[in-house]
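Quick note on numbering: the sequence shown equals residues 114 to 578 in my numbering. Structure record follows, encoded as structure tokens.
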Amino acid sequence: MSSPASIHRKPHWYRSVPFNSLVIGLVGFCAPGLWNAMSSLGAGGQQSPFLVNAASSLVFALMGIFCVFGSVVASKIGYTATLALGTVGFPVYSAGLYLNNRYGVEWLVLFGAATCGISAGLFWSIEGAIALGYSRPEKRGKYLNVWLIFRTLGPLVGGAIVLALNSSDSQKASGKIGYQTYLIFVALQCLGTPLALFLTPPAKVERADGSRVKVLAPGTFWEEIKGVFRVSARRHILLLLPLFWSAYFNQYSGNFQVYYFGVRARALMGFVGNFSNIAASTAMSLLLDWNRFTVKTRLKIGFYVCVVLHVIGWVYGWVIQEKYTANPPMLDWESEGFVEGFFVILLWNISFQALANWMYYLVSTMSDNITDINRLTGILRGQESLAQAVSFGLNTREWYGGRVPLAVNTILLGLAVIPTWIVVHEHEPVTETPQEEEEIGQDEPTSSAATVALPEEEKSVEKIA
């Protein structure tokens with residue numbers, strides 16, 4: 114039994130949970146955050162959405178594969194190396210957009226999309242596990258929000274850069290952003306790799322209360338593969354697949370901006386829209402950490418909040434889209450109808466971000482060890498990525514009034530409600546691995562070092578309250 118002194122010893126700052134949250138936040142800012150900044154412009158800031166949508170479809174198809182099996186890679190080379198590898202493809206893709214914007218070169222856009230898809234798959238699979246698994250269960254909402262806010266700062270800062278470089282009167286009309294924008298993005302994204310090397314491996318993380326991150330010892334390659342499939346086959350995960358698909362399926366928002374808004378209007382929307390993401394993320398995270406209710410109750414409340422937000426956002430979006438289909442506008446921020454159209458993007462952002470926080474929190478309550486949390490978040494991100502690949506592919510052509518992509522997304526959201534409701538009402542959040550999960554030795558090495566030992570005080574079984 115560990116002594117009280119060892120349990121409550123002040124953590125080394127570079128191994129603490131806040132420091133590692135800062136690392137994953139800064140890396141998220143540099144890599145996917147700035148990538149999202151370009152996406153928030155609509156079609157990566159290009160004049161036509163179709164090449165970029167095809168490239169994005171390739172990105173997310175590869176991400177879908179590498180997200181699911183990212184936990185296998187992490188078990189072999191470690192979390193720090195996996196996170197670093199997960200950053201290398203982003204600046205290559207941005208460089209491709211730069212060459213295409215300035216010189217019309219297309220091959221590097223597609224090559225960059227392939228490299229970005231592979232590395233981003235590793236990144237997405239592991240960043241959620243770090244954000245959720247390094248902290249104590251009762252603080253997961255807080256650190257989830259810190260992670261997502263940092264990732265939103267990428268689009269926020271990127272949006273400010275884009276707005277500053279693309280705000281002249283000559284950019285009121287439809288078109289593409291200036292090529293100088295991409296050079297700044299490439300430079301900032303290159304910082305992600307060295308920053309990732311500061312991450313502490315999970316077994317060495319020191320929490321404030323003296324407890325340690327529980328890590329299952331790595332098995333052979335095939336044992337890790339079987340571990341992924343075992344987690345994937347859980348009944349609740351299968352029931353959540355429609356939700357994982359529908360949550361990120363709305364990539365028509367980029368086409369919507371290109372079709373109906375000028376360059377500087379899109380730049381302003383890309384900048385201001387991030388504040389709605391931060392507000393939604395913070396509000397949902399506060400709800401999920403609200404100790405007045407049990408975790409199960411918080412999950413139920415969060416579920417109903419997400420349903421209401423999506424109903425509001427999608428009903429309003431359909432109404433405005435039908436209006437624009439009848440009389441297509443080209444709006445600048447000085448145009449009379451700008452705010453009306455901008456609210457479509459704001460409501461979609463709010464509903465999406467609230468649901469993203471809620472989903473990550475839900476899967477984090479399905480295990481108490483970071484190994485399975487890594488598998489769970491990898492599956493979540495993998496399915497989301499495959500859905501986005503299909504969605505971007507769907508948006509490589511111009512559908513009349515956007516009705517096909519909007520209809521597909523609306524149907525997917527509707528189909529996800531009942532299976533998700535079943536999971537929410539059946540699921541019992543845990544802080545300690547249930548007995549059946551301790552049998553992971555069937556698929557993992559059976560040595561006594563199968564897990565990082567926790568202090569005796571941490572071994573009591575309890576529901577999160």
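Here a beta-carbon is modelled for each residue, glycine too, at the ideal position from N, C-alpha and C.
In the DSSP assignment, residue 317 falls outside any alpha helix (DSSP H), carrying neither H nor E.
The shortest C-alpha to C-alpha distance from residue 308 to any of 444, 518, 535 and 196 is the one to 196.
With respect to residue 389, residue 423 sits apart: the two C-beta atoms are not nearer than 7 Å. Taking a cut-off of 8 Å for Cβ pairs, the stretch 359–372 and the stretch 510–522 touch, as three or more such pairs fall below it.
When the alpha-carbon of residue 325 is set against those of 314, 164, 138 and 170, the nearest one is in 314.
Counting along the chain, the unbroken alpha helix (DSSP H) around residue 423 starts and ends at 408–439.
Per DSSP, the continuous alpha helix (DSSP H) segment holding residue 302 begins and ends at 293–302. Straight across, the Cα-Cα distance linking residue 318 with residue 335 is about 27 Å.
Our two residues, residue 328 and residue 435, have alpha carbons roughly 52 Å apart in a direct line. Secondary structure at residue 310: coil, using DSSP grouped into helix, strand and coil. Burial check for residue 497: the Cβ neighbour count within 10 Å reaches 16 or more, so the residue is buried.
Around the beta carbon of residue 483, a 10 Å sphere encloses 16 or more other beta carbons of the protein chains shown; the residue is thus reported as buried. Between the alpha carbons of residue 258 and residue 466 lies a distance of about 11 Å. The three-state secondary structure of residue 374, taken from DSSP, is strand. Annotated three-state conformation of residue 184 is helix, per DSSP. As a beta-bridge residue in DSSP terms, residue 129 pairs with 319. A straight line joining the alpha-carbon of residue 352 with that of residue 450 spans about 41 Å. Taking a cut-off of 8 Å on C-beta distances, the stretch 485–495 touches the stretch 242–251, as three or more cross pairs fall below it. About 6 Å separates the CB atoms of residue 150 and residue 272; that is less than 8 Å, so the two are in contact.
In its chain, beyond the 5 residues on either side, 245, 474 and 477 have a beta carbon closer than 7 Å to the beta carbon of residue 253. For residue 444, the pairing in a beta bridge is given by DSSP as 374. Excluding its 5 nearest sequence neighbours in each direction, residue 227 has C-beta neighbours in its own chain below 7 Å: 171 and 175, listed in chain order. Under the DSSP assignment, residue 519 falls in the alpha helix (DSSP H) whose first and last residues are 516–539. Around the CB of residue 264, 16 or more other CB atoms lie within 10 Å, so the residue is classed as buried. Linking residue 453 to residue 310 through their CA atoms gives a straight-line distance of about 45 Å. The shortest CA-to-CA distance from residue 364 to any of 420, 500, 345 and 392 is the one to 500. Excluding the 5 residues flanking it on each side, residue 400 has same chain C-beta neighbours closer than 8 Å at 254, 411, 414, 415 and 418, in chain order. Nearest in C-alpha terms to residue 406, of all of 251, 480 and 293, is 251. Membership of residue 344 in the alpha helix (DSSP H) is indicated by the continuous run 334–345. Taking C-beta separations shorter than 6 Å and ignoring five residues to either side along the sequence, residue 350 has no partners in its chain. Taking a cut-off of 8 Å for Cβ pairs, the stretch 191–209 and the stretch 502–510 do not touch, as fewer than three such pairs fall below it.
Residue 441 is classed as exposed because its beta carbon has fewer than 16 other beta carbons within 10 Å across all chains shown. The C-beta separation of residue 382 from residue 458 comes to about 6 Å, placing the pair in contact by the 8 Å criterion. Non-local C-beta neighbours of residue 378 in its own chain, meaning closer than 7 Å and more than five positions away in sequence, comprise 444, 445, 446 and 451, ordered along the chain. Judged by DSSP in its simplified three-state form, residue 509 adopts coil rather than helix or strand.
Residue 207 is positioned such that its CB atom lies closer than 7 Å to that of residue 298.
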